[in-house]
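Novice:
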Amino acid sequence: MLVENKLVQIGVAAGELKVSVDTIRRWAKQGLIKASRDGRGNRLFNVAEIERLQRKLSGSGEEKPFTVLRSDKTYPRATCVDLFAGGGGTALGFHNAGIPHVFLNEFDRNAVATLRQNSQAHGFDWNICPEDVHEVDFSKLDAQVIQAGFPCQAFSYAGKSRGFEDTRGTLFFEFARAIRTICPAIAVGENVRGLVKHDHGNTLTTMLNTFDELGYRVNYQVLRAQYLDVPQKRERLILFATRKDLDLPIIFPKENDYVLTLKEALQNVPESPGQRYTERKAKVMEMIPEGGNWRDLPDEIQREYMGASYFLGGGKTGMARRMAWNQPALTLTCNPAQKQTERCHPSETRPFTVREYARIQTFPDDWEFCGSMAAQYKQIGNAVPVNLGYHVGRCVLAALGEIPLEDTMEVVAPLSLTPEEASSSEQGVLL
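Residue numbers (full-length UniProt numbering): 1 to 431.
#1: Measure the Cβ-Cβ separation of L104 and L92 and say whether it is below 8 Å.
#2: What does the alpha-carbon distance come out to for the pair L195 and L204?
#3: Would you grab the beta carbon distance between I128 and V188 for me? Rounded to a whole angstrom, and I think it's under 8 Å.
#4: Looking at F211 and the ligand FMN, is the gap between the Cβ and the nearest heavy atom below 7 Å?
#5: Let's see if you can read the secondary structure: which residues bound the alpha helix (DSSP H) around Y227?
#6: Taking its Cβ as the centre, do 16 or more other Cβ atoms sit within 10 Å of N5, making it buried, or is it exposed?
#7: Check for me: the beta strand (DSSP E) holding E190 runs from which residue to which?
#8: Output the distance between the C-alpha atoms of P249 and T408, rounded to the nearest integer angstrom.
#9: Based on the DSSP output, what are the partners of A35 in its beta bridges?
#10: What does the alpha-carbon distance come out to for the pair R40 and V412?
#11: Any idea what DSSP makes of L171, helix, strand or coil?
#12: What residues are listed by DSSP as bridge partners for T23?
#13: Helix or strand or just coil, what does DSSP make of K233?
#14: Are three or more beta carbon pairs between the segment 134-143 and the segment 179-186 nearer than 8 Å?
#15: Report the residue from N335, P328, Q327, N326 whose alpha carbon sits nearest the alpha carbon of M319.
#16: Assess, as a yes-or-no matter, whether the segment 295-313 is touched by the segment 222-235 under the definition of 3 or more beta carbon pairs within less than 8 Å.
#17: Are the CB atoms of Q147 and F94 within a distance shorter than 8 Å?
#18: Under 8 Å between the Cβ atoms of V384 and G89?
Structure follows, in structure tokens:
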């Protein structure tokens, strides 16, 4: 019997569903369910969401097949410029949402080859520029949207301005230069969650002030990919800016009340090459149970495998880490066999293959990556998950008025930009 959607405190949820409070806490920590907070700071859980998870874990619930989200329609007026395009995660997500690209810039030669290969294979006809972004003449471009996944870099501040001029010499400056030149209706920036606290919040504050200086309203949120049709616990900070004179809304995706597991994501995944462990490391990893890590090893082997790290503080839970079938994957990195961020297959003693990596990032199976195996892992690990890009792209279309506001979206107010407010939380919405 299905239960109704309602938010209750953890003890009430445990009583109604006959499950322990500790179990609900563990599921929340694993990213299988999410919590919100009431006005007093109490964590609230959706009873129906927990009940669905119970059924899924018991084998009686409905499994969701792996799906790359796509729209059947393209919106020709919603043209996009994509900077720092990488292996194409955000670009493909926006394309699948219905946003056509007029220009993509990427400097890494392997990523450029990947973009060109897939543009031709899928009939996208993308205009791909392999130049250093510092040399790009943006005055020749016209677009409604600019999207950029710029690296996080500290700024050299001149006085107390905390604005556009302080960003010179960084890749964010090139993003801002493109915005100032092209004047798109909407600008979307993507970065790691750590940007919120980088340089004590000064980096993000400067970026937000730069948008304001350029004539844009802005807000930001840290989006959790596991609640946006991605089988991976990956958090990305999204900046959403709209031109002040156009009075467009700022829109972010709403989180789903379900997650996708590795079991669902890797069904029928094509065979492909992948890294292999050394004989010594394979013997160690064979001892790790599904969902376990180095702490599951005998103490003598822990000391040998961990070396000096054994005596350091912190959980170090990424070391000798084996994934679990009934959970989303941990955040993928540029190397699945890296000691600090191990990503071992749930039931086989090996790192994820290239195609498994791509599935977890929600790339379609026919999206081909170019370069060496290491280069392919790097492109995939650095990418924004395609389905996350799709959800953001649909929000862009709604903000432009190309599609109606959907149930999967929420409108948020622009930030009032003071240094204290700009760097106060991982969700920029001021309540």
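Beta carbons are placed, not taken as given, at the ideal position from N, Cα and C, and that holds for glycine.
Specialist: In terms of the structure at hand:
#1: Not in contact: L104 and L92 (Cβ atoms no closer than 8 Å).
#2: Using only the alpha carbons, I get a separation of about 6 Å.
#3: Taking C-beta atoms under 8 Å as the contact rule, I128 and V188 fail to qualify, at a distance of about 19 Å.
#4: Within the structure as shown, the ligand FMN is missing, as the structure has no ligands at all.
#5: Element bounds for Y227: n/a, residue is neither H nor E.
#6: Under this definition N5 is an exposed residue.
#7: Membership of E190 in the beta strand (DSSP E) is indicated by the continuous run 186-192.
#8: P249 and T408: Cα-Cα distance of roughly 15 Å.
#9: Note: A35 sits in a beta bridge opposite F45.
#10: Going from the Cα of R40 to the Cα of V412 covers about 22 Å.
#11: Looking at L171 - three-state DSSP - the assignment turns out to be helix.
#12: T23 pairs with nothing; no bridge assigned.
#13: Three-state DSSP puts K233 in a strand.
#14: The segment 134-143, when compared against the segment 179-186, does touch it at the 8 Å Cβ threshold.
#15: When each option's Cα is compared against that of M319, the closest is N335.
#16: As far as the Cβ criterion goes, the segment 222-235 does not touch the segment 295-313, which means the pair count is below three.
#17: In terms of Cβ geometry, F94 and Q147 form a close pair [threshold 8 Å].
#18: Closer than 8 Å, so yes.
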